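K.L.:
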Amino acid sequence: MHDEALGAVLSACTIGVFLFGVQTIQTLTYYRRGHSDPLYLKMAVFLMWLLEFTHSSIVFTLVYKCFITYFGDPDGFSKAQRFLRINGVIAVLIAAVSQSYSAWRLHQLQTTKSWIIPSICWVASVLRFVIYVAAVARSTTPMSFMQTKVWRICAIFVGVLALVADSLIATGLMLELWTRRHGNPILSQSQALAMDVEDPFAPRPLALVIDRIILICFSTNLMTCLSTLAAIILFYGTTTMYWMPVSYIASRLFSICFISLILQSRRLKNPRRVPGTIPPNQPQIPLQAFGNPRSSLVAITPILCVSLWNANVVKNEAQPSDLEAGLPEFIDPSTSVVTTIEDVVTETVQETNPVGTVPS
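Going by full-length UniProt numbering, the residue at position 142 of the sequence shown is 142; the numbering climbs one at a time, nothing skipped.
1. Let me know the secondary structure DSSP gives A80 once reduced to three states.
2. Let me confirm a value: M146 is counted as buried when at least 16 other C-beta atoms fall within 10 Å, else exposed. Which label applies?
3. Quick one: grab the DSSP three-state call for P245.
4. Let me check understanding here. Comparing Cα to Cα, which of T179, W104, L253, F20 lies closest to T111?
5. In angstroms, rounded to a whole number, what distance separates the CA positions of R106 and F71?
6. Taking 8 Å as the limit between beta carbons, can you name the residues of its chain near I156, skipping five residues before and five after?
7. Do M244 and V22 come within 8 Å of each other at the CB atom, strictly closer than that value?
8. Short of 8 Å in beta carbon distance, which residues of its chain neighbour A165, apart from the five on each side in sequence? Order them along the chain.
9. For A250, count neighbouring C-beta atoms within 10 Å of its own C-beta (all shown protein chains included) and say buried if the count is 16 or more, exposed if not.
10. Helix, strand or coil: which one does DSSP assign to H107?
11. Between V136, Q108, V130, which has its C-alpha nearest L261's C-alpha?
12. Who are the Cβ neighbours of W309 in its own chain at under 6 Å, not counting the five residues just before and after it?
13. Ignore the nearest five residues each way along the sequence and tell me which others in V17's own chain have a CB closer than 7 Å to its CB.
14. Please name the residue, chosen from A170, K42, C13, that lies closest to I259 on a Cα-to-Cα basis.
15. Excluding the five sequence neighbours on either side, which residues of its own chain have a C-beta within less than 8 Å of the C-beta of T54, listed in chain order?
16. Let's test the definition: count the other Cβ atoms within 10 Å of the Cβ of Y132 and tell me whether it reaches 16, buried, or not, exposed.
17. Are there 16 or more other CB atoms within 10 angstroms of the CB of I94, so buried, or fewer, so exposed?
18. Whose C-beta lies closer than 7 Å to the C-beta of T224 among residues of the same chain, with five residues either side of it excluded?
19. Applying the 10 Å Cβ sphere with the 16-neighbour rule, what's the burial state of P38?
20. In the DSSP assignment, find the alpha helix (DSSP H) that holds G237 and state where it starts and stops.
Listed below in structure tokens is the structure:
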């Protein structure tokens, strides 16, 4: 049995299991948050996870066959190659589903609607799947160091079609997002909200910059494009099995990108407002954070910029012990009169304890 092949199979299994765990966590996160999503999207997410589960199960079966069933058999690896063929078909199907969704997402994001790039990507994904299935059906030994000329020609078409689809999607998304971001400042604000950034113009720490680069790579399919290109180079440039772990990484990245795009779309639809992102046409008022009404406001240090309707919370939750806090002024939304917090507390005390009574 080929030692290089065994090492590649074991490496692919280890990396694949780790990335499958990441994809499983993403799937659980989606189902915990996506209760209102349409049924077809939920089914697509479950289909992607089911394909990845099948892919990982076949990898485990291949490892078992190579290291236990056919251990010590020189022809054992050749006998287990049918599992590689099945895994290849599933990997191509995973890539087709992910690329199809990315192409549809590109069409939804386009300012000027056009079906040219999405249609090319869909045709490329379908052709890639058909060509690979046909090549697998005709080939008996789909390994890089023992290929026939027909198989290698079919395989290069499969790789080129994958690169074409990923490149078109990445280019289209980057151009569209670049155009919309520089032409519409509101998009910059929504991106900052999606990244949980309090100030879109504040200096970025290195970790946030790295996270932003990774998010862009996943959002535009650059990660899958680079991993597919690396697998093609290793497949045709070497006579070893080093391409196998890289191709397994590419397959997992397709599913991870698919779930990441869906989760990112949900966050852009329902952004969480953070301090410093209130629209400029809405008046801002300084207001202390009222966590526990019975505790002194002196111990609460942060000042939050909130909308005017939260001023009622101050009036309802203020306590007599807060008179010593020396809080700033706020605007009463009903009268638009600037009133101090001491006046509000005094009014509350008078309403609670009429004249002539002593508060207990």
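Ideal Cβ placement from N, Cα and C applies to all residues, glycine included.
As the structure is a prediction and not an experimental result, all values here were calculated from the model.
P.N.:
For this structure:
1. Three-state result, A80: coil.
2. Unreliable placement is indicated for M146, whose pLDDT of 48 sits below 50; the coordinate value is still reported in the next sentence. Burial call: exposed.
3. helix
4. T179
5. The sequence as given places Leu at residue 106; Arg does not occur at that position. Looking at the two C-alpha atoms, the distance is approximately 48 Å.
6. I232, Y236
7. no
8. Q99, A103, I120, C121, A124, S125, R128
9. Counting other Cβ atoms within 10 Å of its Cβ, A250 reaches 16 or more and is therefore classed as buried.
10. In this structure, H107 counts as helix in the three-state DSSP scheme.
11. Of the listed residues, the one whose Cα sits closest to L261 is Q108.
12. The predicted position of W309 is uncertain, since its pLDDT is 38 and thus under 50; no value can be drawn from it.
13. S56
14. K42
15. I90
16. The Cβ neighbour count for Y132, taken over all protein chains shown within 10 Å, is at least 16; the residue is labelled buried.
17. buried
18. Taking T224 as the centre and dropping the five residues before and after it, the same chain places the C-beta of D166, A250, L253, F254, C257 closer than 7 Å to its C-beta, in chain order.
19. exposed
20. 222 to 237
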